[in-house]
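Participant:
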Amino acid sequence: MSTDVTVETLGGERMKLNMGPHHPATHGVLRLMVETDGEIVAKAVPDHGFLHRSIEKIGECVEWPMFVPYTDRIDYVCAMNANLAYCVAVEKLLNTDPATAVQVPLRAECIRIIVAELNRISSHLVAVGAMSMDLGAYTPFLHGIAQRETVNDIFEKLCGQRLTYNFVTIGGVAFDLHKGAEAEITAFLDAFEKEMIRFNKLITANTIFRDRCAGVAAISAADAVAYGLVGPNLRGSGVDWDIRRDEPYGIYDRLAVRVPVGQGFAGRNGRVGDCYDRFVVRLLEINESVRLVREALKMLPAPVEKKTDATGGYQADVAKQLRKPPKGEVRVRTEAPRGEMGYVIVSDGSKTPYRVRCRTGSFTACSIFQKLMRGIFMADIVTVIGSFDIVVPEIDR
Amino acid sequence: MEFGPAVNTIATWISGPDPSWWAVGIGLVAVWVIPVLAIVFPVAAVGQIIERKVAAAMQRRHGPNTVGMDGILRLVVRLAFFFLPRAAQDRIQARITALPGVGWTLGLLQRSGLGQLAADGVKMIGKEDIVPAGTDGLVFRAAPYLALVGAFLPFAAIPFAQNLVALEVPVGALYVVAASGFTVVGLLMAGWGSGNKFSLLGGMRAVAQVVSYEIPVGLAIAGVVLWCGTMDLHQIVAHQYNGQWYSFLGWNIFQSPFLALLACLLFFAGLAECQRTPFDMAEAESELVSGFNTEYSGLRWGMFAMAEYSEMILVGALVSTLFLGGYQSPIGEPWIMSLPGWLETIIHAGILLVKFTLGVVLMVWIRWTLPRFRVDQVMRLCWLTLVPLCLLSLFGLALTMLLGGLAGGVHTGPAYGRIPGMQHINLDALGWLVTWVVPVGFAAVLVAVARRRHGQMHPALKQLTGGA
Amino acid sequence: MVDPGIARPGNDPDEQVLVTTVDEFLAWGKENSLFYLLFATACCGIELMQTGGPRYDVDRLGMIPRATPRQADLMIVAGTITHKMASRVRTLWEQMTEPRWVVSMGSCANSGGPFSKWSYSVLNGVDKYIPVDVYIPGCPPRPEALIDGVMALRERVRKYRTLGMRDRDPHVVQGGDCAFGSHPGRDGACGPSSAAPGALAMSRGDESPRTPQSGKPAQVNGGPA
Amino acid sequence: MSTALAFAAIAEQVKSAHPSVEARESDNRQPWLLVPAADLPAVARLLRDAPALRFDSLADLTGWDLAKFPATPPSTDIAVAYYLHSLAHRHHLTLKVMAPRDAAQVPSVSGVWAVANYFEREVYDLLGVAFTGHPNLKRIMCPDDWIGHPLRKDYVYPQAYNGIAHLRDGQHFEDAPPRVGDPPPAPAAAAPAKPPVKSA
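Chains as they are written, first to last, in our numbering: chain A, 1 to 397; chain B, 1 to 468; chain C, 1 to 225; chain D, 1 to 200.
1) At the 7 Å Cβ level, is Q50 (chain C) part of the contact set with chain B, yes or no?
2) In chain A, which residues lie with their C-beta within 7 Å of the C-beta of K128 (chain C)?
3) May I ask which residues mark the beginning and end of the alpha helix (DSSP H) holding S107 (chain C)?
4) For the segment 287-299 of chain B and the segment 245-264 of chain B, state whether three or more C-beta atom pairs, one from each stretch, are separated by less than 8 Å.
5) Would you report the Cα separation of F69 (chain D) and E329 (chain A), rounded to the nearest angstrom?
6) On the criterion of 16 or more Cβ atoms from any shown chain inside 10 Å, does T360 (chain A) qualify as buried, or is it exposed?
7) Evaluate H178 (chain A) with the Cβ neighbour count: other Cβ atoms within 10 Å of its Cβ, from every protein chain shown; 16 or more gives buried, anything less gives exposed.
8) Using DSSP with H/G/I as helix, E/B as strand and the rest coil, what is L137 (chain D)?
9) Under 6 Å from any heavy atom of the ligand PLP, does the C-beta of A178 (chain B) make it?
10) Is Y124 (chain D) helix, strand or coil when you go by DSSP?
11) Report the option in B:G71, B:A444, B:A161 and B:P154 whose CA atom is closest to the CA atom of A178 (chain B).
12) Going along chain C, which residues have a C-beta under 7 Å from G107 (chain B)?
13) Give the secondary structure of F192 (chain A) by DSSP, where H, G and I count as helix, E and B as strand, and everything else as coil.
14) So which residues on chain A does L123 (chain C) lean against when the C-beta distance must stay under 9 Å?
15) How is the alpha helix (DSSP H) around C264 (chain B) delimited, first residue to last?
16) Do A156 (chain B) and I221 (chain B) have their C-beta atoms closer together than 7 Å?
17) For a contact defined as C-beta to C-beta under 9 Å, what are the partners of Y120 (chain C) on chain A?
18) For V36 (chain B), count neighbouring Cβ atoms within 10 angstroms of its own Cβ and tell me buried if that reaches 16, exposed if not.
19) Please list, in chain order, the chain D residues whose beta carbon lies closer than 7 Å to that of D246 (chain A).
20) Name the DSSP beta bridge partners of N95 (chain A), please?
21) Indicate whether G226 (chain C) and G138 (chain C) have their beta-carbon atoms separated by less than 7 Å.
22) Which runs of the alpha helix (DSSP H), 4 residues or longer, sit entirely within the segment 181-254 of chain A?
23) Kindly identify the DSSP beta-bridge partner or partners of G63 (chain D).
24) So, are the CB atoms of V364 (chain B) and V54 (chain B) less than 7 Å apart?
25) When we look at the beta-carbon of A226 (chain A) and count the other beta-carbons within 10 Å, is it buried (16 or more) or exposed?
26) Helix, strand or coil for L249 (chain B) per DSSP?
27) Would you please state the rounded distance, in angstroms, between the beta carbons of L148 (chain B) and M303 (chain B)? I believe it to be under 8 Å.
28) In its own chain, which residues sit with a C-beta less than 7 Å from the C-beta of D154 (chain D), not counting the 5 before and 5 after it?
29) Can you check which of these residues, B:L370, B:I366, B:T369 and B:F323, is closest to L352 (chain B) by C-alpha distance?
30) Does D253 (chain A) pass the burial test, meaning 16 or more other C-beta atoms within 10 Å, or should it be called exposed?
31) Based on DSSP bridge pairs, tell me the residues matched to G339 (chain A).
32) Could you tell me whether the Cβ of T204 (chain A) comes closer than 7 Å to any Cβ of chain B?
33) If we ignore side chains and look at the alpha-carbon of each, how far apart do R291 (chain A) and I251 (chain A) end up?
34) Which runs of the alpha helix (DSSP H), 4 residues or longer, sit entirely within the segment 279-339 of chain A?
35) Could you tell me whether the Cβ of E295 (chain A) comes closer than 7 Å to any Cβ of chain C?
36) Within 10 angstroms of its Cβ, does P36 (chain D) collect 16 or more other Cβ (buried), or is it exposed?
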């Protein structure tokens, strides 16, 4: 239930409060300059750049494949998706010229889907867990973390890293699936589905949690579009748009992605597009990702000896093309857990990119903060931040 | 005001059969301090370990289990064998650890995390004591003491055993509520004195919340007072004894559904009084960094932690005293009464300890399960739910007593002994109907209506929670 | 090798039974109760979070996160520190109470890591602003590495002397005293000593007033209010 | 039934209203519309509001420095690119505005698409394009007292910020000023900092 007090009825004398860049609820180094009258927030101005690591500049300094590890660091919570976004963009650039066209093997495409969706699961686990922690429930967060560990184990066997994978490469993936990976993933998914039911009973269905999120910071569909919200934040407002389904890349077009949208899940006090909708949309997406991983596993072709094989291989050879890619520019959008991860890549035909631009979901999500954070409670600030699933390096890059 | 028998004993022991005022004072402090130091203080300290262990169990972790008592053992050995070289001391320590039973005990202490308690305490003593610039120095320094005083003062009137009570105030119930009010002054002073806006917000929230929740606490206590006809905690405890071997049936909580409801309300309002999740507005970690104690470090912060756990114990002890028979055992008293006086005191205190420790564990359990309310929801819950429910219960309780009186001897509780002409106990069908079946049925209807009004769960949520 | 922390038998005036014994006891408490500041900037923050999670569970070692620097003993700098953030890190460190410890987690905090070469905005190592006790290499380090680093830190804490400290630098660490052995060089180094002179003076707690910034209220979160 | 329009149809509509807009193609045949800076707000409004176009979402706004781009004829402008997307019709459009490097000024579209507020601040910060009419044109990534616009091709890396030296490629710790707590170096050991290497 949102507050009955409006900003207009607040007193004139306001307290300035500085939340961040180190604050438990800002998910990193986001800073909010808050003006409050008691518990009611009159204004909150976000301040960014505390983690601006000049990744886009680095993109102009390194060679094409060398940028992949930096994409990991743009969004480390879902590094697989971040890798994928860049690699899909470079592949699209290469494909604009038949001379340099690259065909990603089918097996690699399937592996990409598997790892991307598994990483979406683990990313959403952080999102929902961190939001429940912001609202004071620490236990669900740790239960989510425990599930994440299993995903990390799978990825570690796959590529040797737990967090920043550098796994998806231009033209395929860095390694083939290890022996027994399919069984491991299936076993994880089976256990995970049961675990999520417990998680949801613990926090999602909790009345206190629901009442705290219901009706808070509801965003209309028009606002969500105008402020450039993407991904679950956009879908939470009831906009039915998912790049995996509507502008498929890779082999998403063969998977029939189902897209959950916000419907006012909180019930009586809820409104479409409130914090609870964004939260629940993420949980529904987790379920959908589980299904997608299963389908991709079914589609997975048998491995063959030759790694560049068009079906059973896992990596097309692109070294030559990347030395002299076509001149020009492309823009590619992919659906990362925090929404659209879009790359604008400008190539001057040399072995380093001329310009790499990464458009991320968290950055645009921050643009609506100032509008939302008026007339809400102090405590709602953390609900709002949590519901947007902010990852700070995605904002600052 | 009367003093407990132990106070008089000590006073007489000090200055003869007609004790002087200062002797009485010494006795009072002694009797107050003994249970506080011997029971409440250790349990409040252990409470933090209980908290961490229970939380760990709920989160599939181990919790503190690597810090042994080796540090303490080493300290003892070093001091006892100071004349020996270090290496010899270490060998002695190793020998002692190897003794049968000692190593096992140390291991148990280690796994139970109790060594952690010592380590935390030692560390806090060693921490630098900061009074940041810009604080209101005196207020900042005094606040933890006031919080601690507010947490420990009420124990003076809590009967730990038949003769282990410092103050036999005729208005003991009132005294407990009043004395615990000191804490909120401490919190407010901490919030104000810190010169930190987060602290200030935390302190303000604490005041608003604690002052509001004193109303349901007071009303819940009023219900017991109404039922038992006295405000003397000792007499309230005595009142709950039915003289049978199944003496737990005489506890207030089993006397009437309204009393049971009041017990729950008192527990939850008490939870809010001691600022525990889901009511931890004052220390909301994700919103206010650490709330009122943001600027506190080292021992001063430790005092706040101590006060918090003591208050939890107080709530547990108060609920036990008012509703769960206090220090009485659930299986009759004769077997305790036949023991020597000192043993009886210890057993009684132990029984109360078990009762309030269960309450503390319940609070910890709740804390690690539930998210936090928002500040307006806390207020709404207090004024629109708890207070009306308390009033309703009071009304129902009064009605039960009145109906019991009109029906002529149909009653279940010992309170009827106080109504003229209703001196005997008669658990017959009509009595159960009046005191239990009708109120519970009425409540069931109310709950059903409320559920329907609250609306159905969204189908997507049903799917997420396993279609339940 | 002379161990600077542990008192040796001899004519050292610090070698008083009571002082050293109590010191040892205090150090035992400090070592076993390292509350860490919830301070994460980037990728390493996720691993820090996982380390607090059920599988690695640093609560076993008595480490629990605290949101406010006043109550923290240990600052784990988890992630990249940019020029914009650096002064805030310093403020946070100043707000911590002595004795305080700093672990630099991951290559970024050690040296700028992958950003040291081409980035214009990343600080090349957090030790430019605050003294670091233990460096943990990795990008990000695994939770095991973090725990190993904490173990190395505990070695140092054990040598910390509250009462008997004379001219000893509490921030001197032995070579090879860190996680994964010694990696001299710019990435993930176990530097010999990185104590700020001011830190030493402050940690003695005798003559030196705290720096002016340290007493600022209402600035728990870094930045100007 | 899809109501998405192809680029040619969109360009046709825009050009009929604003003849100054030109349809162009990048080197790898990606089509875009070149809009003169003065016309941008009107074009943006048209694109957003025309019922057949309905570009309700500004998917991305970025820019790059053309100073080193091997184009014929060479240009030193800063290209500001607007990637529009219509959720209603599901079609795309790329607009570009060329801003002269020395007086880079482009009218703001933050009144048309709210998200442009942030995007424009970023482009201003990193590329130094001033968006006229922007409500809050301040640096968003770099600190307010940062010198230069990093993504320009002639950007010179800072030697130091806030009193702390910024080490660059080719420099090493031994060249750098002493770290906190380091023993005072011998005078001979202090080498002058190397000049920053030009960015690629």
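All C-beta atoms, glycine included, are put in the ideal place defined by N, C-alpha and C. Since the structure is predicted, the reported quantities are computational estimates derived from the model, not experimental observations.
Facilitator: Quick answer:
1) Q50 (chain C) does not count as touching chain B.
2) Those do not exist, as K128 (chain C) stays about 16 Å from chain A at its closest Cβ, beyond 7 Å.
3) Per DSSP, S107 (chain C) belongs to the alpha helix (DSSP H) from G106 to S111.
4) The segment 287-299 of chain B and the segment 245-264 of chain B do not touch, with fewer than 3 CB-CB distances between them shorter than 8 Å.
5) About 12 Å.
6) Result: buried.
7) In the assembly as shown, H178 (chain A) is an exposed residue. Its beta-carbon has fewer than 16 other beta-carbons within 10 Å.
8) Looking at L137 (chain D) - three-state DSSP - the assignment turns out to be coil, as it is neither helix nor strand.
9) The ligand PLP is not part of this structure, which contains no ligands at all.
10) Assigned with DSSP and collapsed to three states, Y124 (chain D) falls in helix.
11) Answer by Cα proximity: B:P154.
12) Contacts between G107 (chain B) and chain C, judged by CB atoms closer than 7 Å, are missing: the closest CB pair is about 14 Å apart.
13) Helix, per DSSP.
14) By Cβ distance, chain A contributes nothing, its closest Cβ being about 10 Å from L123 (chain C), past 9 Å.
15) Start and end: P257 to E273.
16) No.
17) Correct list: S54 and K57.
18) Of the residues assessed, V36 (chain B) falls on the buried side of the cut-off, its CB having 16 or more other CB atoms within 10 angstroms.
19) Within chain D, the residues R90 have their CB atoms less than 7 Å from the CB of D246 (chain A), given in chain order.
20) None, per the DSSP bridge assignment.
21) Given a span of 1 to 225 for chain C in the structure shown, any question on residue 226 (chain C) remains unanswerable.
22) Those alpha helix (DSSP H) runs which fall completely within the segment 181-254 of chain A and span 4+ residues are 181-199, 207-213, 221-226, 231-236 and 243-246.
23) G63 (chain D) is bridged to D:V80.
24) V364 (chain B) places its beta carbon less than 7 Å from that of V54 (chain B).
25) That one is buried.
26) In the displayed model, L249 (chain B) falls within a helix according to three-state DSSP.
27) Going by Cβ atoms, the distance from L148 (chain B) to M303 (chain B) rounds to 5 Å, so yes, they are a contact pair.
28) Spatial neighbours of D154 (chain D) in its own chain (CB-CB distance under 7 Å, excluding positions within 5 residues in sequence) are listed in chain order as A67.
29) For the residues B:L370, B:I366, B:T369 and B:F323, the minimum Cα distance to L352 (chain B) belongs to B:F323.
30) D253 (chain A) sits exposed, since fewer than 16 C-beta atoms from the chains shown fall within 10 Å of its C-beta.
31) Answer is A:A336.
32) At a cut-off of 7 Å between beta-carbon atoms, T204 (chain A) makes contact with chain B.
33) Looking at the two C-alpha atoms, the distance is approximately 15 Å.
34) Within the segment 279-339 of chain A, the complete alpha helix (DSSP H) runs of at least 4 residues are 319-323.
35) E295 (chain A) does not count as touching chain C.
36) Taking all protein chains shown into account, P36 (chain D) has fewer than 16 neighbouring C-beta atoms within 10 Å of its C-beta and is therefore exposed.
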